[in-house]
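*Asks:* If you count by our numbering, then the sequence shown holds residues 1259 to 1394, one letter each, in order. Note that beta-carbon positions come from the ideal geometry of N, C-alpha and C, so glycine has one too. All values reported here derive from a predicted model rather than from experimental measurement. Encoded as structure tokens, here's the structure I'll be asking about.
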Amino acid sequence: MLVQRAYVLRCPECQDPIALPHQIPIETIGGLPHLTTGIWPLTYWCENCATLSVHREEDARLVGVEVQAQSPYAEILWLIEFECGPEGYEKQFSIYTKRLAIPLEDDAAQRVIALSGLCEGFPVRGLRTSRFLPNQ
Ligand SMILES: [Zn+2]
């Protein structure tokens, strides 16, 4: 088993680990590892226990994780971006979710948005899904 170090968050409900892509640039500020991307606060949808949670940069822990990059069934992070809200007051949202490494279909993304409750019944606009890769 290959192990590498990665930043990991945990679902507050079921403790399921959320490994951030290891390419996330890290710099040292005040002697502590510091993630430099603009992903924080990170809103995460846990498929395991159907819970939406918000994570701060300080919540990430550097741990050893099993490398599964070569497996077609490896779980990866997907980013779902969309807007919704009352007309003229739409807000932008980003939800991260962990899925098998297959395309995240729009209807699956719509289901996550509906279950998250973020749109409170307002129509979803500008839906975009992408495999989450960190800024280089
Ligand atoms: Zn969970």
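So, is A1372 buried or exposed, given that buried needs 16 or more other C-beta atoms within 10 angstroms?
*Replies:* Along the sequence shown, read from residue 1 onward, the residue named residue 1372 stands at position 114. Looking at its Cβ environment, which holds fewer than 16 other Cβ atoms inside 10 Å, A1372 is exposed.
*Asks:* I need the boundaries of the beta strand (DSSP E) containing V1266, first residue and last residue.
*Replies:* Here residue 1266 refers to the residue found at position 8 when the sequence shown is read from its first residue. Segment 1261–1268, the beta strand (DSSP E) holding V1266.
*Asks:* For the candidate residues C1307, P1270, F1351, whose alpha-carbon lies nearest to that of G1343?
*Replies:* Indexing the sequence shown from 1 puts residue 1343 at position 85. Comparing Cα positions, the closest option is F1351.
*Asks:* Quick one: residues with CB closer than 7 Å to any heavy atom of ligand 1, in chain order, please.
*Replies:* Here the list is C1269, E1271, C1272, D1274, C1304, N1306, C1307, T1309.
*Asks:* In terms of alpha-carbon separation, which member of E1345, E1339, T1355, F1340 lies closest to H1313?
*Replies:* As a working note, residue 1313 is residue 55 in the sequence shown. Of E1345, E1339, T1355, F1340, the residue nearest in Cα terms is T1355.
*Asks:* Closest to C1304 by C-alpha separation, out of V1261, S1388, W1336, would be which residue?
*Replies:* Start at 1 with the first residue of the sequence shown, and residue 1304 comes out as number 46. Ranking the options by Cα distance to C1304, first place goes to W1336.
*Asks:* Taking the straight line between their C-alpha atoms, what separation do you get for G1322 and G1296?
*Replies:* Translated into the one-based positions of the sequence shown, residue 1322 becomes position 64. Translated into the one-based positions of the sequence shown, residue 1296 becomes position 38. Computed Cα separation, rounded: 24 Å.
*Asks:* Under 8 Å between the Cβ atoms of F1340 and G1384?
*Replies:* Mapped onto the sequence shown, residue 1340 falls at position 82. Mapped onto the sequence shown, residue 1384 falls at position 126. Yes, they are a contact pair.
*Asks:* Taking the continuous alpha helix (DSSP H) assigned at L1373, which residues delimit it?
*Replies:* Start at 1 with the first residue of the sequence shown, and residue 1373 comes out as number 115. Unbroken alpha helix (DSSP H) run through L1373: 1364–1374.
*Asks:* By DSSP, does E1333 sit in helix, in strand, or in coil?
*Replies:* To locate residue 1333, count along the sequence shown from 1; it is residue 75. Three-state DSSP puts E1333 in a strand.
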